[in-house]
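Structure record follows, encoded as structure tokens.
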């Protein structure tokens, strides 16, 4: 994290975007991570990517369609974040 803090702002933003995209790809490969979906939704909202946040919510809910408790947790987190 110290290395990231030392980067110029443009490079910091690019590094963060790459990390978020990496999380998205990881969840595409292994969608059974409710905390990961919540993190992805939060990250997309922080980046101002509201459409992608909604898509992440939809994909996360689809991944947990047979697990009501986890789906509820994802929905509640998304609602708190304004998705």
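In the numbering used here, the protein residues as written are 2 to 84.
Backbone N, C-alpha and C fix where the C-beta goes; we use that ideal spot for every residue, glycine too.
- Residue 8 counts as exposed, since fewer than 16 other C-beta atoms from the protein chains shown sit within 10 angstroms of its C-beta.
- Where residue 28 is concerned, the enclosing alpha helix (DSSP H) starts and stops at 10 to 30.
- Here residue 58 carries a helix assignment [DSSP, helix/strand/coil].
- In its chain, beyond the 5 residues on either side, 42, 46, 51, 54, 55 and 58 have a beta carbon closer than 8 Å to the beta carbon of residue 84.
- Going by DSSP, residue 49 is part of no alpha helix (DSSP H) at all; its letter is neither H nor E.
- In its chain, beyond the 5 residues on either side, 42, 43, 46 and 54 have a beta carbon closer than 8 Å to the beta carbon of residue 82.
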